[in-house]
Amino acid sequence: MSKTTNTDEKAGAAPEVMTIKNFRSNGDIENFYRYIHDNGLRREAFMLMEYAISKVAKVRKGKRSKTLQ
Numbered sequence: 113m114s115k116t117t118n119t120d121e122k123a124g125a126a127p128e129v130m131t132i133k134n135f136r137s138n139g140d141i142e143n144f145y146r147y148i149h150d151n152g153l154r155r156e157a158f159m160l161m162e163y164a165i166s167k168v169a170k171v172r173k174g175k176r177s178k179t180l181q
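In the numbering used here, the protein residues as written are 113 to 181.
This is the structure we're talking about:
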């Protein structure tokens, strides 16, 4: 049997590091944005993002006030 190889695979390459600058260009994130757009879930996604941001902001605010004392 012949073995097929994928030319897109990078042999031994390390996974790409996620940074703020390349976050939106990640394939998984692009697919997520496409899914939200195609299924009309903008309102629900916005509500989830507001919730997540509020939780992160509370944690950051708590850490900041502890270090200032």
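Even glycine gets a Cβ: it sits at the ideal position worked out from N, Cα and C.
To the nearest angstrom, how far is it from the Cα of Ala169 to the Cα of Tyr163? Cα-Cα distance, rounded: 10 Å.
Give me the Cα-Cα distance between Ile165 and Arg146, rounded to the nearest whole angstrom. Those two C-alpha atoms are separated by around 21 Å.
Simplified DSSP assignment, three categories, for Leu153: Three-state result, Leu153: coil.
Three-state class that DSSP yields for Lys133 in the structure shown: Three-state result, Lys133: coil.
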